[in-house]
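Each remark here refers to the structure printed beneath this line.
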Amino acid sequence: MNAKEKNRKAIIERETRETKIFVELDIDGSGVSEIETGIGFLDHMLESFSRHSLIDLKLKAEGIFMLINITTEDTGIVIGSAIAKALAIFQALSVW
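So for the sequence shown, this note's numbering puts the first residue at 36; every next one is plus one.
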């Protein structure tokens with residue numbers, strides 16, 4: 036692993052009318068997670084994702100309780116954005 040790859044981390048925050056989400060991740064972590072969504076099954080799945088991918092993941096999500104699907108969707112968007120940022124995917128694609 037070269038020096039550039041060792042700092043593959045990202046912090047993303049997203050706030051909408053329905054949700055407020057904070058994600059901090061480290062692609063080169065050890066699978067440690069701190070997950071707080073208020074949705075038990077989502078917490079479990081994100082902890083499993085972190086553990087098995089060896090990505091350190093700190094996530095806090097607040098949303099309108101009745102709109103669990105929106106909280107789940109927005110959480111996925113933010114995690115995907117953080118992974119893309121950590122891997123510098125958009126910088127690589129902009130060259131083309």
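Built from N, CA and C at the ideal position, the CB exists for glycine as well.
Since the model is a prediction, treat every value here as computed from it, not as a measurement.
Of the residues assessed, serine 83 falls on the exposed side of the cut-off, its CB having fewer than 16 other CB atoms within 10 angstroms. In terms of Cα proximity to leucine 102, the closest of Lys44, Thr51 and Ala117 is Thr51.
The DSSP-derived three-state label of valine 67 is coil. Between isoleucine 118 and leucine 60, the beta carbon gap of about 7 angstroms places them in contact (Cβ cut-off 8 angstroms). Boundaries of the beta strand (DSSP E) harbouring glutamate 59: 54 to 61, taken from the DSSP string.
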